[in-house]
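Here the structure is laid out as structure tokens; the discussion comes afterwards.
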Amino acid sequence: MFLGPTLGTGLFIGAGQALAVGGPGSLLISYIFLSLLTYFMATAVAEVAAHSPVKHGTLITHGFLYMRNSMGFAAACLRWYTLAMFVPYEMSSAMVNLGLWNPDRTTVVLIGVFTVVIVGSNFLSDRKFRSSEVLFYRIKLGNLICLLVLSLSVAIGGASGHESNWGFRFWRKPGAFHEYLAGGLLGKFWGLMQCLLNSSIAFTLAPELIVQRIELAETVALPEANNETQPVKSKIIRKVNVDVAQCMVLYILSSLAMGIMAPFNEPLLTNAGTGAGLSPFIIGINAVRIRILPVTATLAILLSSIGSARSFLHLASHTLCALAEVNHAPRIFAIRNKWGVPWAAVVFTSMAGSFGFLCAAISSSIVTTYFMLFLNSSGYLSWLVSCGVYWRFRHRLRLQGVTNADRFAVQPFATYFGFASSAVMLVANGLVSVVPGNHNGPRGCRAIMAYIGIPAFCAFYLIHKCSNLAPSRFHSLDGSLNDAPRSPRPPKAPKAPTGRFHLRAPAPVASQGRCRVPHGRFLEGPTAMEVDQEWVVGET
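Under full-length UniProt numbering, the residue at position 461 of the sequence shown is numbered 461, and the numbers go up by one with no gaps.
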């Protein structure tokens, strides 16, 4: 099962803001909608990964293969800095979870301690880091299951002598839907929209990370599978279906449970309207008056936050290292120590954690809200890029006449829906956040944080486009380099009428199961296919 790094405060704290603005009904609808959207996007990403499973394919390689190099570079940088910015978000959310909402020395000391733990754990060897990941995974899963069981007990009146329907009374009073910014149906619609946007933080980069984990595991096992490429593709498709389904069930049940545990008009959900507040689970546990439970639940959520921050830093630093290995980032970031740790990439990426010290000057509730706006917009941009990669991938397959590639039943229509939904939420993320309402703090700062991801993405694209960062050497998708000059782009080949495809470009050079192709790319496997060019390579 994949619970992912996003099962931290993104679920426990972010859902509190969503519940406060929309109500339990809007929260449940938002999680159902976002779960379906996650499945749609995961299927699009998985189709590309199943066709050409390579290391770091989902986060880096596929953008270069199926889109222009500058767009691929911008997409890879987008995933890198989004993962990196999750580190200070998790730390500020941890302060909110502990109730340290106002700047003080305790907040600074705790953030410093958390930073040392998070960064230090990323210098462990891969084997030890994976072992610690298993430990945090069990903590997250056990914590979530216990909270779900507790919410069920509350719902049926099994806690502190409440009546049998006590848990669902919040659906009737104060109600299932909160009127936000206006009255009547319009207010409920705005509440649902803002609830949807606030809930997105728990799903940011979830499709990409699900497929990336599966793709990485299958890529490592690929050399041992000999020529059994079709079973590997089937494994990716099957595992994506299973992992996304399990995540959907847990997230939807969690949204229902949080609507049971606290009413939307509870001031602690938003720190009296300031921003992020306590988790609905913590509020509900405090209400049942069981002494040890609040401390235990708070500690468990805190450990989930630390575990998520560790994972995000690990993913971000290895993404930067992979960019350096294919010569699209300074080579120093590809340097590893004797334990295999890309120490330069870890040190540089961990600098993003310094944003967590903003809690020493501003309320942690406001800081967490700013980070949430930025990460949401970055997640929407990543989904838009994934849709573009999928369309280019399918376009190249049609040019090649390939019709037997793995495809989910919901595609390609799911990609159209995902693109439209992501575009609407990207625009609404800033518009809804800056309208006058119950927000505290300057509206200009919220608008900047909601939209700054767009110019940042464009800046990386233009930097790569204008500064000739494209590598002048062959580079493989696994990071190895070759000093041979790049071949010119081959001419387009006509579509093959029937049967096997014929080579319509300079002959590839076969070497140990790899085919070197124009534009400095290697493809793995005995029947490698370069769909970015208008030709394919047969048996080597």
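Glycine included, each C-beta is placed from N, C-alpha and C at the ideal position.
As the structure is a prediction and not an experimental result, all values here were calculated from the model.
Subject >> Cβ neighbours of Cys77 in the same chain (closer than 6 Å, five flanking residues each side left out) >> reply: If you ignore the 5 residues before and after Cys77, its C-beta comes within less than 6 Å of the C-beta of Phe460, all in its own chain and listed in chain order.
Original post:
Where does the unbroken alpha helix (DSSP H) through His314 begin, and where does it stop?
Top reply: 292-325
Original post:
In terms of residue numbering, what span does the alpha helix (DSSP H) encompassing His51 cover?
Top reply: 14-51
Original post:
In terms of alpha-carbon separation, which member of Gly175, Val149, Phe333 lies closest to Glu266?
Top reply: Gly175
**OP:** List the whole-angstrom C-beta distance separating Leu250 from Leu152, where the pair is believed to meet the contact cut-off of C-beta under 8 Å.
**Re:** Contact flag wrong, Cβ pair sits at about 14 Å.
**OP:** Check whether the segment 120-127 touches the segment 387-405, taking contact to mean three or more Cβ pairs, one atom from each stretch, closer than 8 Å.
**Re:** The segment 120-127 vs the segment 387-405: no contact.
Original post:
Hey, how far is the Cα of Tyr39 from the Cα of Lys128?
Top reply: Approximately 31 Å, taken between the alpha carbons.
Original post:
In the structure shown, what three-state DSSP assignment does Leu424 receive?
Top reply: Rather than Leu, the amino acid found at residue 424 in this sequence is Val. Three-state DSSP puts Val424 in a helix.
Original post:
Secondary structure at His395, three-state DSSP: helix, strand or coil?
Top reply: helix
**OP:** Output the distance between the C-alpha atoms of Leu7 and Arg130, rounded to the nearest integer angstrom.
**Re:** About 17 Å.
**OP:** Output the distance between the C-alpha atoms of Gly444 and Lys338, rounded to the nearest integer angstrom.
**Re:** 47 Å
Original post:
Would you call Arg138 buried or exposed, if buried means 16 or more other Cβ atoms sit within 10 Å of its Cβ?
Top reply: Under this definition Arg138 is an exposed residue.
Original post:
Hey, Met193 and Leu375 are a contact pair by Cβ (cut 8 Å); roughly how many whole angstroms apart?
Top reply: About 18 Å separates the two Cβ atoms, so there is no contact after all.
Subject >> Where Tyr416 falls, given that 16 or more other Cβ within 10 Å makes a residue buried >> reply: That one is exposed.
Original post:
With distances taken from CA atoms, which of Val149, Met248, Ser199, Thr82 is nearest Ala25?
Top reply: Reading off the sequence, residue 25 comes out as Gly, not Ala. The option with the nearest alpha carbon to Gly25 is Ser199.
**OP:** Whole angstroms is fine: what's the gap from His328's alpha carbon to Ile236's?
**Re:** 27 Å
Subject >> Proximal residues to Val385 (C-beta, below 6 Å), its chain only, five neighbours per side dropped >> reply: Excluding residues within five positions, the ones whose Cβ falls inside 6 Å are Ala75.
**OP:** Decide if Leu28 is buried, meaning its Cβ has at least 16 other Cβ atoms within 10 Å, or exposed.
**Re:** buried
**OP:** Assign Ala496 to one of three DSSP states: helix, strand, or coil.
**Re:** Caution is warranted here: a pLDDT of 48 is assigned to Ala496, below 50, making its placement in the model unreliable, and the coordinate value is therefore given only provisionally. Residue state, collapsed to three classes: coil.
Subject >> Supposed close pair Ser304, Leu148 - CB separation, criterion 8 Å >> reply: Contact between Ser304 and Leu148 fails: their C-beta atoms lie close to 14 Å from each other, not under 8 Å.
Original post:
Can you tell me the Cα-Cα spacing of Val134 and Met351, whole angstroms?
Top reply: 26 Å
Original post:
To the nearest angstrom, how far is it from the Cα of Arg238 to the Cα of Thr274?
Top reply: 44 Å
Original post:
Are any of the Cβ atoms in chain D nearer than 8 Å to that of Ser378?
Top reply: Within the model displayed, chain D is absent; a lone protein chain is all it includes.
Original post:
Is DSSP giving Trp190 helix, strand or coil here?
Top reply: helix
Original post:
Whose C-beta lies closer than 6 Å to the C-beta of Gly499 among residues of the same chain, with five residues either side of it excluded?
Top reply: Its pLDDT being 43, under 50, Gly499 is placed unreliably by the model, and the measurement read from it follows with that caveat. Contacts found: none.
**OP:** Quick one: using the 10 Å Cβ neighbour count with 16 as the cut-off for buried, is Gln212 buried or exposed?
**Re:** buried
Original post:
What is the DSSP secondary structure of Trp101, counted as helix, strand or coil?
Top reply: coil
**OP:** Could you tell me whether the segment 312-320 touches the segment 94-109, using the rule of 3 or more Cβ pairs below 8 Å?
**Re:** no
Subject >> Buried versus exposed, by CB contacts within 10 Å (16 or more), Ala18 >> reply: buried
Subject >> Pick from Leu36, Leu293, Gly259, Ile366 that is closest to Asn271, judged by C-alpha positions >> reply: Nearest option by C-alpha distance: Ile366.
Original post:
For Gln400, does the count of other Cβ atoms within 10 angstroms reach 16, so buried, or fall short, so exposed?
Top reply: buried
Subject >> Chain-order list of residues whose beta-carbon lies under 6 Å from that of Arg336 (same chain, five-residue window excluded) >> reply: Pro342
**OP:** Starting from Val462, trace the alpha helix (DSSP H) both ways and give me its first and last residue.
**Re:** Position check: residue 462 holds Leu in this sequence, whereas Val was assumed. Counting along the chain, Leu462 sits inside the alpha helix (DSSP H) bounded by residues 453-466.
Original post:
Does the beta-carbon distance from Met248 to Ser421 come in below 8 Å?
Top reply: Not in contact: Met248 and Ser421 (Cβ atoms no closer than 8 Å).
Original post:
Would DSSP call Glu179 helix, strand or coil?
Top reply: coil
Original post:
How many angstroms separate the CA atom of Val410 from the CA atom of Val326?
Top reply: Our two residues, Val410 and Val326, have alpha carbons roughly 34 Å apart in a direct line.
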